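Counting in our numbering, the sequence shown runs from 14 upward without gaps.
Where a beta carbon is used, it is the ideal one built from N, C-alpha and C, also for glycine.
Just so it is clear, the structure is predicted and the values come from calculations on it, not from any experiment.
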Amino acid sequence: MTVQLTDPATWTGPRIHGDLPGPRSAELLARQQQRESNARTYPRRIPIALAEASGPWVRDVDGNVFIDFLAGAGVLSLGHSHPALVATAARQLGSLAHGLDFPTPAKDAFVEAQLSMLPPALRDRMKVHMCGPTGANAVDAAVKLCKTATGRGDIVSFQGAFHGSSHAAMALTGLVAQKQPVPNGMPGTHFFPYSYCSRCPLALSPETCETNCATLLERSLRDGNGGVAAPAAVVMELVQGEGGVIPARPEFVTRVREITRELGIPLVVDEVQTGCGRTGTWFAFEQYGIEPDVIVASKALSGIGTPVAMILYDERLDTWAPGAHTGTFRGNQLAFAAGAEAVRIIHDEDVLANVRARGAQFADRLGALRSCPWVREVRGLGLMWGVELAVPGDGRPASALAAAVQQHALRHGLIVELGGRDDCVVRMLPPLNVTEDVVDTACTILVSAVEECTAAGR
């Protein structure tokens with residue numbers, strides 16, 4: 014199939030022609046269904062075939078133009094095909110593309126750039142380890158590191174968490190349906206309540222709660238009859254992404270850090286989705302005033318979608334022997350070069366200020382939905398937003414409504430994702446340099462989608 018490319022400068026707004034999927038998209042989707050794994054996900058709910066993209070826009074093979082607020086599941090921090098990143102990656106491709114774990118100028122610049130973005134108190138004591146190219150592999154590496162350093166075997170995770178789909182990372186993930194078909198998962202994982210106050214697992218409310226979820230963790234770990242041996246690590250997201258865009262309450266995070274420090278348990282923060290500026294600071298933990306022992310990062314590290322993953326960790330944990338965690342593609346020089354350039358752009362263009370400003374814009378524009386009886390909560394941090402839909406009265410997840418809202422938005426030119434319990438949360442992960450006008454257009458589409466779908470009784 015040959016597709017005529019166009020000038021992205023002409024994409025000034027969404028343009029949808031006819032039904033979705035269009036005939037060319039339908040043809041490619043049918044071939045994909047015939048040839049590819051049943052595990053494919055995004056094209057099932059977003060039935061389009063992509064042809065080209067630029068900034069916050071994507072164009073499908075039928076000529077339809079969409080605002081892309083999925084952005085590679087948060088990978089494309091500076092949008093699609095950022096010219097400076099494309100040029101940097103192209104130059105690197107012509108000199109050295111793959112370097113295993115040998116030192117190279119591109120890798121050295123990347124490591125320097127990443128360390129420079131840490132809070133000053135952490136920069137001099139953090140080690141960097143390049144992992145395989147996915148966040149799940151970095152989570153596996155973090156678990157192996159902490160088990161090796163502590164000599165312990167158990168791990169504490171939290172209900173609602175998502176840490177990846179590899180065998181070990183899946184064991185730390187709360188989604189039961191994902192784990193049920195795979196018997197004999199990694200043993201020794203213990204799940205505790207997360208501070209999801211609108212659906213409190215302890216049936217409390219913020220007005221009457223004294224951060225009881227953290228208290229339960231503390232008492233279980235201190236109780237010799239609590240059933241949980243001293244773990245090798247506590248693994249936590251500061252904002253549960255796939256879990257439904259749930260920012261942890263500050264007092265919960267503070268308590269967890271205090272507990273783990275007092276008990277000598279390494280605290281691993283999974284910043285795969287929240288890192289690289291997504292929440293308005295380079296890492297989300299900075300907004301909570303804590304210092305983790307291990308940071309897991311991936312997704313947006315290259316800024317352009319070229320895969321790379323890493324862990325940064327306190328040097329006292331560096332007890333690994335050579336070859337303890339390897340991977341053939343841990344030396345992606347294209348990702349290193351683009352990632353260092355992305356840090357420069359984010360710093361020089363004050364992109365994090367834009368994240369905070371656009372986050373405030375989302376809070377204002379989506380505030381109109383809070384009066385809708387089907388909207389349980391609108392929540393977010395920086396440029397990570399979710400609208401949770403629930404049945405009025407009993408609060409059951411309104412999954413069918415969320416799916417209808419997603420399809421309505423798509424037909425009007427906005428790509429959004431679903432997540433949370435039973436996929437009842439409409440999620441958005443825009444590029445960090447998204448403009449005020451694009452956010453305004455997207456919010457208009459989304460608010461209209463919720464209003465029209467709820468009025469239709471879906």
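Distance, residue j Cα to residue i Cα
i    : j    : result
R378 : L442 : 16 Å
L347 : T224 : 44 Å
D306 : V71  : 38 Å
S178 : W398 : 23 Å
A351 : S108 : 14 Å
A472 : P96  : As displayed, the chain neither begins before 14 nor continues past 471, which places residue 472 out of reach and without an answer.
N77  : H425 : 10 Å
G198 : T101 : 41 Å
P206 : V189 : 15 Å
T457 : V400 : 14 Å
V156 : S94  : 34 Å
D121 : H360 : 18 Å
V74  : T341 : 34 Å
R53  : Q191 : 14 Å
H6   : F349 : Residue 6 cannot be examined here, being either before or after the span of the chain that is shown, 14 to 471.
T448 : R371 : 8 Å
L230 : A184 : 19 Å
H203 : C210 : 20 Å
L234 : F171 : 14 Å
D137 : Q127 : 12 Å
T161 : T117 : 28 Å
H176 : Q300 : 21 Å
A1   : I168 : The question about residue 1 has no answer, for the chain in this structure spans 14 to 471.
Residues bridged to residue i [DSSP beta-bridge criterion]
i    : result
V484 : Because residue 484 is not part of the residues shown, which for the chain are 14 to 471, the question remains open.
D407 : Its beta-bridge partners do not exist; DSSP assigns none.
H93  : G68
W387 : Answer is none; W387 lacks a bridge partner.
P260 : V252
E401 : E390, V438
F298 : Paired residues: none, contrary to the question.
Y209 : Beta-bridge pairing links Y209 to no other residue.
A246 : I168
G432 : V438
H111 : N345
L427 : I80
V281 : V248, V307
Extent of the continuous beta strand (DSSP E) to which residue i belongs
i    : result
T202 : 202-205
G87  : Looking at the DSSP string, G87 is not in any beta strand (DSSP E); the run it does join, the alpha helix (DSSP H), is 84-87.
I59  : That residue, I59, is in no beta strand (DSSP E); it is neither H nor E in DSSP.
H142 : 139-143
M323 : 323-327
A310 : 307-310
Nearest residue (CA-CA) to residue i, options the options
i    : options                : result
P469 : P244, L459, C222, L414 : In the sequence as presented, Pro is not what sits at residue 469; that position holds Ala. With distances taken between Cα atoms, A469 lies closest to L414.
D114 : A84, L91, M130, H142   : H142
F265 : T147, V252, H180       : V252
E255 : G26, D435, V452, R53   : D435
A381 : A462, I428, P219       : A462
D453 : P69, E49, D363, D20    : P69
R497 : N367, E362, V447, P405 : This structure leaves residue 497 out entirely; the chain is present only between 14 and 471.
S38  : N51, H30, I61, I29     : I61
T294 : R357, L131, V74        : L131
A403 : L396, E390, G395       : E390
A66  : D283, R48, A416, T19   : T19
T287 : G31, D331, A22, A86    : A86
C289 : K192, S170, L91        : L91
E430 : G257, T467, V285, A355 : G257
A134 : V321, G302, V368       : G302
C437 : A411, P444, A417, K160 : A411
G31  : G393, V460, T267, L423 : L423
F123 : L106, A353, I80, R138  : A353
L330 : G164, E299, L41        : G164
A103 : I428, A455, D450, I317 : I317
V439 : L33, L83, R28, N51     : L83
F375 : L445, E328, P219       : L445
L394 : F296, A43, G433, A355  : F296
G26  : G432, T467, R369, D450 : D450
D283 : E464, T147, G432       : T147
I29  : P320, R57, I80         : I80
Residue i: first and last residue of the uninterrupted alpha helix (DSSP H) it sits in
i    : result
I359 : 346-361
S377 : Rather than Ser, the amino acid found at residue 377 in this sequence is Asp. Its alpha helix (DSSP H) spans residues 364-379.
A450 : Looking at the sequence itself, residue 450 is Asp, so the reference to Ala does not match. Start and end: 449-468.
V241 : Where V241 is concerned, there is no enclosing alpha helix (DSSP H), given that its DSSP letter is neither H nor E.
C159 : 148-163
P194 : Per DSSP, P194 belongs to no alpha helix (DSSP H) and is neither H nor E.
S38  : 36-48
Residue i CB to nearest heavy atom of the ligand ZN below 7 Å
i    : result
R409 : Ligands are entirely absent from the displayed structure, and the ligand ZN is therefore not among its contents.
Three-pair Cβ contact test at 8 Å for the stretch 309-317 versus the stretch 206-223: no
Counting Cβ pairs closer than 8 Å, one from the stretch 229-247 and one from the stretch 275-292, do we hit at least three? yes
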